[in-house]
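Note sheet for the following structure.
Set out below in structure tokens:
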């Protein structure tokens with residue numbers, strides 16, 4: 001496997017990344033994988049999709065947000081706006097032309113922010129258990145009065161996770177998240193969008209997926225609900241569905257597209 005490379009951004013952060021260049025004759029958009037909260041670029045979906053793209057001569061970028069994986073900083077220092085800055089920095093420095101973001105969980109929110117900020121470069125969008133506005137609608141809306149008081153006095157609270165050690169949620173993350181909400185104001189997307197959501201997902205509900213579908217203005221947007229799939233969405237059947245969604249948005253078919 002190729003060695004990890006690093007990008008020093010204008011914000012002073014150092015981002016770890018892996019970039020697979022497109023084959024010389026490839027004209028398709030570069031696929032950009034955007035991971036979830038506290039995930040890193042070595043996850044099953046990112047690695048699988050990278051191999052799939054490489055086999056088809058497609059460009060592919062995966063990277064770690066600051067405070068994640070091999071990138072600089074700590075998770076507790078970060079917030080949605082910081083990771084949006086990281087995403088913009090990676091895309092603008094490491095890719096050219098059209099891109100196709102594939103966003104998982106929090107990465108789905110990041111993909112929507114990216115499409116809103118750089119609509120001219122986003123040729124299509126695929127989300128997997130997208131979690132837009134979760135700091136407000138998931139965390140803040142469900143905090144108890146005690147947790148809200150703790151957030152104010154200590155500046156952070158700890159929340160249990162089904163997948164790893166507790167999440168440390170800071171006051172800064174909550175307040176910054178309010179500056180990046182996408183489900184309150186019009187969300188216009190001129191590119192094709194495919195959303196995947198498992199019905200057994202305990203981190204992101206099907207109601208969230210339906211809310212995004214209903215809220216967005218998009219002429220070509222589809223939501224696929226997958227019975228009994230969980231938040232990881234990483235078993236072979238789910239990985240095949242991700243391939244199919246990306247291939248469909250790219251306009252690929254048959255042996256050159258869907259495996």
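Residue numbers (the UniProt record's numbering): 1 to 259. Cβ atoms here follow ideal geometry from the backbone N, Cα and C, with glycine treated the same way.
Under 8 Å between C-beta atoms of residue i and residue j
i, j, result
"residue 132", "residue 34", "no"
"residue 45", "residue 128", "yes"
"residue 80", "residue 180", "yes"
"residue 14", "residue 86", "no"
"residue 59", "residue 22", "yes"
"residue 200", "residue 230", "yes"
"residue 155", "residue 144", "no"
"residue 182", "residue 109", "yes"
"residue 217", "residue 186", "yes"
"residue 225", "residue 202", "no"
"residue 10", "residue 89", "yes"
"residue 48", "residue 241", "no"
Endpoints, the beta strand (DSSP E) within which residue i is located
i, result
"residue 62", "60–63"
"residue 112", "Run containing residue 112: none in the beta strand (DSSP E); it sits in the alpha helix (DSSP H), 106–117."
"residue 195", "193–198"
"residue 127", "125–128"
"residue 249", "No beta strand (DSSP E) contains residue 249, which is instead part of the alpha helix (DSSP H) from 236–250."
"residue 222", "221–226"
Contact set for residue i: own chain, Cβ-Cβ below 8 Å, skip 5 residues either direction
i, result
"residue 75", "38, 67, 68 and 168"
"residue 5", "16, 17, 18 and 19"
"residue 147", "157"
"residue 152", "171"
Identity of the residues DSSP links to residue i by a beta bridge
i, result
"residue 5", "17"
"residue 78", "Beta-bridge pairing links residue 78 to no other residue."
"residue 159", "167"
"residue 99", "30 and 122"
Own chain, CB closer than 6 Å to residue i, minus 5 neighbours either side, in chain order
i, result
"residue 29", "98, 99, 100 and 123"
"residue 256", "Confidence in residue 256 is poor, its pLDDT being 48 and thus under 50, which makes the residue's placement too unreliable to answer from."
"residue 56", "none"
"residue 115", "122, 125 and 189"
"residue 65", "83 and 86"
"residue 160", "166"
"residue 246", "126"
"residue 52", "243"
"residue 251", "none"
"residue 140", "174"
"residue 158", "166 and 168"
"residue 254", "Here the model assigns residue 254 a pLDDT of 47, short of 50, so the residue's position is not dependable and the matter cannot be decided."
7 Å CB neighbourhood of residue i in its chain, flanking five on each side removed
i, result
"residue 94", "7, 17, 19 and 61"
"residue 135", "80, 173, 174 and 177"
"residue 54", "20 and 60"
"residue 248", "194"
"residue 107", "34, 35 and 36"
"residue 43", "35"
Residue i CB to nearest heavy atom of the ligand FMN below 7 Å
i, result
"residue 141", "The model depicted lacks the ligand FMN and carries no ligand whatsoever."
Residue range of the unbroken alpha helix (DSSP H) whose run includes residue i
i, result
"residue 52", "44–55"
"residue 187", "Taken as a continuous stretch (DSSP letters only), residue 187 belongs to no alpha helix (DSSP H), as it is neither H nor E."
"residue 154", "145–154"
"residue 37", "From DSSP, residue 37 is part of no alpha helix (DSSP H); its letter is neither H nor E."
"residue 214", "206–215"
- Message: Using a Cβ distance threshold of 8 Å, determine whether the stretch 215–232 contacts the stretch 186–200, with at least three qualifying pairs required.
- Response: yes
- Task: Check whether the stretch 116–128 touches the stretch 94–107, taking contact to mean three or more Cβ pairs, one atom from each stretch, closer than 8 Å.
- Result: yes
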